[in-house]
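Numbered per mature numbering (1 follows the signal peptide of the UniProt record, and there is no 0), the sequence shown spans residues -25 to -1, 1 to 401.
A short worksheet on the structure shown next.
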Amino acid sequence: MNALTRRGLSLATAAVLLAAVAACSEDANTPPADVPGVTAGEIVVGTHMPLTGPAAAGYSEIAPASKAYFDHVNANGGVNGRKITYKFMDDGYNPANTQTVVRKLVLEDKVFAILNGLGTPTHTGVLDFLKTNRVPDLFVASGSRSWNQPDKYPGTFGFNTDYTVEGKILATHIKATYAGKKTCFFGQDDDFGRDALVGVEQVLGAGAVVAKEKYVTSNQNVAPQIGALKAAGCEVVVLATVPGFTALSMGTAARLGFKPQWVVSNVGSDYLTLSKVLGEGKVLLEGMVGISNLPSPVDMSDPWTAAFKKIHDQYNGSAPFNGNTVYGMSVAYLFVQSLLAAGKDLTREGLIAAVEKGGFKGPGLAPFRFSKDNHAGMGGGKLTKVTAGNQEFFGPVYETDSAAGPVNEFKEERPAPTANTIPAAS
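Quick look at the structure:
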């Protein structure tokens, strides 16, 4: 008999009181028992990345950069008292491997969410699995429009500007700057290349793209395609390519004596990544036009770049600091914003609802388009050009949609980062 029953309370009443006291003494952050990957002190998330293989150049640096930002957040108390554990697994940019590693992350590691899974052909193959298992699928590292299907895939959200939007912005520049020149297209043989071509042709017209070629990442011989573009008399070539194939395209063209104006999508146009791949051949990048939606990794006058560089030096200093680093940290920053918006009582459903509510602002140059009816990522970008070995922005930030809407200037200013580069709770 305990003290409560000695005071005349029935055993049933005493049990109720003891249960109430125990409940009040539990950590306020203790989640419901059925939330995978979440405890009172930890949030476990995972991803698939090409740490090796044909897309590893540059892209292998993204997840370590995200982890470095999470290490910084963890060192400052985490998110609502929870530390973030980020598990990233190598899929070699091979869709079959992607399915294996994602199944492991979900079924064995019990991750709370998949964050920033990279690649159009790779991630497409796990959409149904993640939906079936009700796993939030946040901020996919690809500009495919496949991520923006809220009715079919309610838990999937993009991060990148979609490739059709990029194509429209790049084509608008081509129309204004290279009018009358023969424009051609070389892209990846999947939604990446197809979506980018849709955007280019929306602005220029299908008949204005005089030659179209494509590649698969399993075949690194692009001489037949580049030769065909040369034979067609192409003067401007739009590339929808990952970094390794941007470099292959330019190197192959140089060997063939083909010197078009290169206009390259965001994911394949980071100068620091390409110059590392090309080595002495980096002179081939001179004049390349690209597009970006994040601050330049070399512009330390940008407060976001400077803040990320400081975190990088402390937690990821042995790796290069380039556009992929800024990208990885920007994704991680948005994920922390989303966790804070979801609140202390963290659930998968609550996280998805928080992202759909939108309103996130940070290092991105263009606005996020998140809502209940729109799961696309950023809605625009700013053009870049390589001049004398420096990749610099020019012109305004543009925004548009992936349909027939106009390409407009986006004039809203970004907020400055907080003193510790951790978003404030809303």
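Each residue gets a CB set at the ideal place from its N, CA and C atoms; glycine is no exception.
Given the structure is predicted, the values throughout are model-derived calculations rather than measurements.
Residue i vs residue j beta-carbon contact at 8 Å
i      : j      : result
GLU36  : ALA294 : yes
ALA307 : PHE132 : no
ALA186 : CYS209 : yes
LYS357 : PHE368 : yes
GLN163 : ALA207 : no
THR192 : TYR302 : no
VAL86  : GLY21  : yes
VAL252 : GLY219 : yes
THR158 : ALA198 : no
PRO390 : LYS336 : yes
GLY100 : GLN124 : no
LEU23  : LEU105 : The question names Leu, but residue 23 is His in the sequence shown. It is not a contact, given that the beta carbons lie outside the stated cut-off.
VAL211 : TYR153 : yes
VAL311 : VAL54  : yes
LYS257 : PHE233 : no
THR95  : ASP166 : yes
LYS189 : GLY168 : yes
8 Å contact criterion, which residue i and residue j should meet: CB distance rounded
i      : j      : result
ILE397 : VAL48  : 6 Å
ALA146 : VAL175 : 4 Å
ARG109 : ARG323 : 6 Å
SER276 : TYR138 : With 8 Å as the limit, SER276 and TYR138 do not qualify as a contact, their Cβ atoms being about 30 Å apart.
LYS62  : LEU80  : 6 Å
ILE144 : GLY355 : 7 Å
VAL217 : ALA71  : Their Cβ separation, rounded to whole angstroms, is 18 Å, which puts VAL217 and ALA71 out of contact at 8 Å.
ASN91  : GLY352 : Actually they do not touch by this definition, with Cβ atoms about 11 Å apart.
LEU247 : VAL361 : So it is not a contact: roughly 11 Å between Cβ atoms.
PRO371 : GLU388 : At roughly 12 Å, the Cβ-Cβ gap does not stay under 8 Å, so PRO371 and GLU388 are not in contact.
LEU315 : ALA394 : The Cβ separation is near 16 Å, so there is no contact.
ALA341 : ASN268 : 5 Å
THR359 : SER244 : 7 Å
is_contact[residue i, chain D] using C-beta, thresh 8 Å
i      : result
PHE369 : Absent from the structure is chain D; it holds one protein chain and no more.
Cutoff 7 Å; reference residue i; Cβ partners in own chain excluding five residues on either side
i      : result
TRP279 : PRO270, PRO338, PRO392
ARG57  : ASN4, GLY16, GLU17, ILE18
GLY318 : GLY325
VAL173 : THR139, GLY142
LEU26  : SER35, ASP65
GLU374 : ALA341, PRO342, GLY354, GLY355, ASN383, PHE385
LYS332 : ALA316
Closest by C-alpha distance to residue i, when choosing among the options
i      : options                        : result
GLN289 : LYS42, ILE18, GLU17            : LYS42
THR300 : GLN312, VAL311, PHE310, HIS287 : HIS287
VAL178 : HIS23, ALA379, HIS350, ALA394  : ALA379
SER119 : CYS159, ALA171, VAL76          : ALA171
ASP274 : GLY180, PHE296, GLY52, MET263  : PHE296
LYS150 : VAL382, ALA394, ILE89          : VAL382
PHE161 : ALA203, ASP126, THR136         : ALA203
SER313 : GLU388, VAL242, PRO11, ILE59   : ILE59
VAL242 : ALA400, GLY12, ALA32           : ALA32
ASN196 : GLY180, ARG169, SER224, ALA181 : SER224
SER346 : ALA181, LYS285, ALA328         : ALA328
GLU255 : GLY226, GLY28, GLU374          : GLY226
ALA38  : GLY298, PRO11, ASP84, PRO235   : GLY298
GLY364 : ALA88, GLY262, ALA181          : GLY262
HIS148 : LEU231, LYS285, VAL238, HIS350 : VAL238
Cutoff 6 Å; reference residue i; Cβ partners in own chain excluding five residues on either side
i        : result
MET304   : ALA40, TYR44, PHE283
THR(-13) : Because THR(-13) carries a pLDDT of 43, less than 50, the predicted location of this residue cannot be relied on, and the following value inherits that uncertainty. Around THR(-13): no qualifying Cβ.
GLY52    : none
VAL330   : PHE132, SER313, PHE345
GLU1     : With a pLDDT of 42 at GLU1, under the threshold of 50, the modelled position of this residue cannot be trusted; read the value that follows with caution. Contacts found: none.
Range covered by the beta strand (DSSP E) that runs through residue i
i      : result
ALA186 : 184 to 190
VAL372 : 365 to 374
MET353 : Careful: MET353 lies outside any beta strand (DSSP E) and carries neither H nor E.
MET24  : 17 to 24
GLY162 : 158 to 163
THR60  : 58 to 65
ALA38  : ALA38 -> not in any beta strand (DSSP E); alpha helix (DSSP H) instead, spanning 37 to 50.
Residue interval of the alpha helix (DSSP H) (run including residue i)
i      : result
THR75  : 70 to 78
SER224 : 218 to 230
PHE87  : No alpha helix (DSSP H) holds PHE87; DSSP gives it neither H nor E.
ILE286 : 278 to 290
GLY303 : 298 to 317
PHE104 : 102 to 107
VAL252 : 246 to 253
GLN195 : Here GLN195 belongs to no alpha helix (DSSP H), and DSSP marks it neither H nor E.
PHE132 : Taken as a continuous stretch (DSSP letters only), PHE132 belongs to no alpha helix (DSSP H), being part of the beta strand (DSSP E) at 131 to 133.
Same chain only: Cβ atoms within 8 Å of residue i, ignoring 5 sequence neighbours per side
i       : result
ASP9    : none
LEU102  : ASP112, SER121, TYR128, THR131
CYS(-2) : For CYS(-2), the predicted model reports a pLDDT of 40, less than 50, meaning its position is unreliable; a value from the coordinates is still stated below. The answer is none, since no qualifying residue turns up.
ASP376  : VAL140, GLY354
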